[in-house]
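What follows is one structure encoded as structure tokens, with my remarks underneath.
In the working numbering, the protein residues as written are 1036 to 1566.
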């Protein structure tokens, strides 16, 4: 245990030191420096930060839990990301960059009005505080608690062990985001991404297959491919319920969910908005999309391996991945992997926290108070708000252990309430120049009511509800444009904030990504290993 703790502390401290070294000369006394890293992020830094913001403990724990319970159908939550990231690179980012925005609601103000910006910012803030931040802390605590056996040290009290880990993770994650700014977050994400690839993406799958094959990786792969064909079939019936994904919703439902998550979610887009130019933004987004095709190797397969190993005895399938880790990792390696998990947790937590601080300071605060503030004063307020968010998240997180459906399912269900309507008003705002300013406010209210009614009254998969409400949103916005159109058509200005030269390799990367995407679905279907 001493060696485990020592190696964990060493790797974690090394990442913190290098992050400080790389960011110490960044000017964080102005808004762009603190919230957008001085608009200096390169494509590879954006790639690392996007991957690590997305691939946190709630993904490792939650997605592998879905793999344990439902098999390869869970890969739809990752393999559909390339669709969203392609649209991000080719459609959304060029429009955002023309305005030189710092937040997604800032675009909505330019397209609609100030009230729309404030409402959307407030919705995202509430969502981050109630769901995303506590969820990252809780999922991280599950993994870290199992690695260090905190429950055992506290006499079997799992709730108290969860509280201890949530407090520790919240405090350290808050230090990165509150006192380091976006560039510190992005650089630490990239460093943690390198460690993550070595640990979670390579080491764990290899050791899991070796353990399954009783010492032989080839035998482990053979057992994986033949022991449970139903778990290797990603194509599920149209009436399947969570954690399965019905086949009609693989592209449509997951596509809408992912496009809203990747293209209109502040915690994701803030990394891209910090790019030095369009070329670097597109490079970061498209390389991330290519990498997401391979995510099932470490986000779903280990959960299936654990199912084959124990015969599906776990009732809390979110414990599948932490249990596998504890079983297969040699004691000397546990500390290193704990640092991998810790880095993944911090990456998501401090990314969402940094985005929340940005939304509050740049969007909500000016609506609450008309007082003129310098950049330095705004940054000081943002830091204080970040401390409050940390404390609120820490207080909520331990109670998520009582979720009945698993953490990944809960997160995706909640996203349907706030992420999908924001996507609708953003997309239609770009495509239809006549939509009036009152329309998005009405659509947000109608969407939340309709989605809530569907979730509570109809016995179908929530992705059908997200798809149905998204269509309702689009139709309502179109009707508003026809019945009471905007006086003058909206024209997207070009403020020439960044260089708009596109990445010359964008199309080859997109083609390779989609060929691989088709291949992986053939492999995990009745035509392949799922037959």
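Idealized CB from N, CA, C, for every residue including glycine. Model, not experiment: these values are computed from the prediction.
Where the alpha helix (DSSP H) containing residue i begins and where it ends
i, result
"residue 1112", "1111-1114"
"residue 1254", "1252-1261"
"residue 1477", "1474-1492"
"residue 1079", "1078-1089"
"residue 1189", "Run containing residue 1189: none; DSSP gives neither H nor E here."
"residue 1418", "1410-1431"
"residue 1402", "1400-1403"
"residue 1453", "1442-1466"
"residue 1179", "1168-1183"
"residue 977", "With the chain running from 1036 to 1566 in the structure shown, residue 977 is simply not present."
"residue 1361", "1355-1363"
"residue 1075", "Taken as a continuous stretch (DSSP letters only), residue 1075 belongs to no alpha helix (DSSP H), as it is neither H nor E."
"residue 1470", "Counting along the chain, residue 1470 falls outside any alpha helix (DSSP H), and DSSP gives it neither H nor E."
"residue 1242", "1239-1247"
"residue 1434", "First-last for residue 1434: undefined, no H or E at that position."
"residue 1388", "1366-1394"
Rounded Cβ spacing between residue i and residue j (contact assumed at less than 8 Å)
i, j, result
"residue 1128", "residue 1317", "7 Å"
"residue 1343", "residue 1239", "Not confirmed; about 15 Å, so no contact."
"residue 984", "residue 1168", "Nothing can be reported for residue 984: it is not among the residues displayed for the chain, which extend from 1036 to 1566."
"residue 1464", "residue 1147", "7 Å"
"residue 1501", "residue 1312", "In fact, because the Cβ distance is near 34 Å, the residues do not count as touching under 8 Å."
"residue 1326", "residue 1110", "Not really, about 14 Å apart at Cβ, beyond 8 Å."
"residue 1435", "residue 1170", "6 Å"
"residue 1565", "residue 1339", "With 8 Å as the limit, residue 1565 and residue 1339 do not qualify as a contact, their Cβ atoms being about 12 Å apart."
"residue 1140", "residue 1398", "5 Å"
"residue 1315", "residue 1081", "7 Å"
"residue 1483", "residue 1452", "6 Å"
Residue i versus the options, residue with shortest Cα-Cα distance
i, options, result
"residue 1490", "1356, 1358, 1277, 1351", "1277"
"residue 1152", "1230, 1325, 1460, 1421", "1460"
"residue 1446", "1166, 1254, 1141, 1116", "1166"
"residue 1290", "1113, 1548, 1098, 1335", "1113"
"residue 1097", "1334, 1478, 1512", "1334"
"residue 1507", "1540, 1430, 1455", "1455"
"residue 1210", "1247, 1426, 1046, 1106", "1426"
"residue 1359", "1268, 1179, 1233", "1179"
"residue 1433", "1077, 1160, 1115, 1204", "1204"
"residue 1047", "1207, 1364, 1199, 1142", "1207"
"residue 1161", "1554, 1083, 1390", "1390"
"residue 1388", "1053, 1428, 1523, 1548", "1428"
"residue 1149", "1184, 1402, 1302, 1340", "1402"
"residue 1144", "1365, 1245, 1457, 1550", "1457"
"residue 1308", "1175, 1522, 1076", "1076"
"residue 1275", "1556, 1495, 1202", "1495"
"residue 1175", "1443, 1503, 1041, 1530", "1443"
"residue 1363", "1563, 1135, 1181, 1487", "1181"
"residue 1529", "1041, 1134, 1142", "1134"
"residue 988", "1348, 1375, 1503, 1295", "Shown here, the chain extends from 1036 to 1566; a query on residue 988 therefore has no answer."
"residue 1306", "1231, 1265, 1393, 1263", "1393"
"residue 1421", "1164, 1408, 1345, 1041", "1164"
"residue 1091", "1172, 1042, 1157", "1172"
"residue 1124", "1365, 1550, 1540, 1487", "1540"
"residue 1505", "1525, 1478, 1523, 1195", "1478"
8 Å Cβ cutoff, residue i in contact with chain C
i, result
"residue 1266", "This model lacks chain C altogether, as it is built from one protein chain only."
Return the chain-ordered ranges of every alpha helix (DSSP H) run that is complete within the region 1263-1316 and spans a minimum of 4 residues.
1287-1298, 1301-1308
Alpha helix (DSSP H) segments (min. 4 residues) lying fully within the region 1110-1155
1111-1114, 1116-1122, 1128-1134, 1139-1146
I'd like to know if the region 1466-1474 and the region 1428-1446 are in contact, where contact means that at least 3 CB-CB pairs between them fall below 8 Å.
no
How about the region 1350-1358 and the region 1089-1105: do they share at least three Cβ pairs that are nearer than 8 Å?
yes
Would you say the region 1078-1089 touches the region 1375-1394, given that touching needs at least three Cβ pairs under 8 Å?
yes
If we count Cβ pairs, one from each stretch, closer than 8 Å, do we get three or more for the region 1541-1559 versus the region 1308-1324?
yes
Any chance the region 1359-1371 sits against the region 1269-1285, with 3 or more Cβ pairs inside 8 Å?
no
Ignoring anything shorter than 4 residues, give me the alpha helix (DSSP H) runs that lie fully in the region 1481-1555, in order along the chain.
1497-1518
Between the region 1415-1425 and the region 1248-1255, do three or more beta carbon pairs fall short of 8 Å?
no
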